[in-house]
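**Q** According to the working numbering, the sequence shown is numbered sequentially starting from -17.
Where is the CB? At the ideal position from N, CA and C, for every residue including glycine.
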Amino acid sequence: FLTDFWGNEFETPGTLTSDNYQANLIFLGFGHNFNVNKFEFSFAGLLGQNMLDFPFYAWDFLFSDTESILFRPAPLANIPVPTRLNALVYGLDLKASYPLFKKINGFISFSYLQSEHPHEYWTLARGASYGYFVEDRIDFRVILANFGVSFDL
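So, in structure tokens, the structure goes:
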């Protein structure tokens, strides 16, 4: 929902167009290893920070089947245009490995990370004197699956 300058809320269909977002993740894992027969299993909780960089973006609001108005973020009412969103990132890492030879192991691992980035900003229409307050949220999710061979020194 959008809020205009007078506090009226309404919903306007439209699309957000932008370049790709860039996520800069820094995280640590804290976990435990244990052995079952020849298999080694490990799990770790992941915790860190996700610094999500915003590219240039714009809202294209559709007011009819054929007409739309392009809005761009603007720094109004002491709310800056968001360019970088920092948020807590958390997740889980699971790994299983099996010795193939004396110092060579095969492994498979799965990782899951997530962070939520709520933000708000004002938009202004190009060539118009009105704008809208936008409350937005980016839900960041990463699922990784790795498999390979490791060598013990």
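Hey, leucine 58 and histidine 101: beta-carbon distance below 8 Å or not?
**A** Contact flag unset, no.
**Q** To test your reading of the DSSP string, which unbroken beta strand (DSSP E) runs of 3 or more residues are found completely within the region 43 to 95?
**A** List check, beta strand (DSSP E) in window: 50 to 56 and 66 to 81.
**Q** Please return the same chain residues whose Cβ sits closer than 6 Å to the Cβ of leucine 140, not counting the five positions on each side in sequence.
**A** Because the chain is modelled from -17 through 135, residue 140 falls outside the range shown and cannot be assessed.
**Q** Rounded to a whole number of angstroms, what is the C-alpha to C-alpha distance between serine 24 and isoleucine 125?
**A** Near 17 Å, if we compare the C-alpha coordinates of isoleucine 125 and serine 24.
**Q** Hey, could you find the ends of the beta strand (DSSP E) asparagine 32 is sitting in?
**A** Asparagine 32 -> beta strand (DSSP E) spans 21 to 35.
**Q** Where aspartate 134 and glycine 30 are concerned, what is the direct C-alpha to C-alpha distance, given to the nearest angstrom?
**A** In a straight line, the C-alpha of aspartate 134 is about 28 Å away from that of glycine 30.
**Q** Based on the DSSP output, what are the partners of tryptophan 104 in its beta bridges?
**A** Answer is Ala56 and Phe115, bridged to tryptophan 104.
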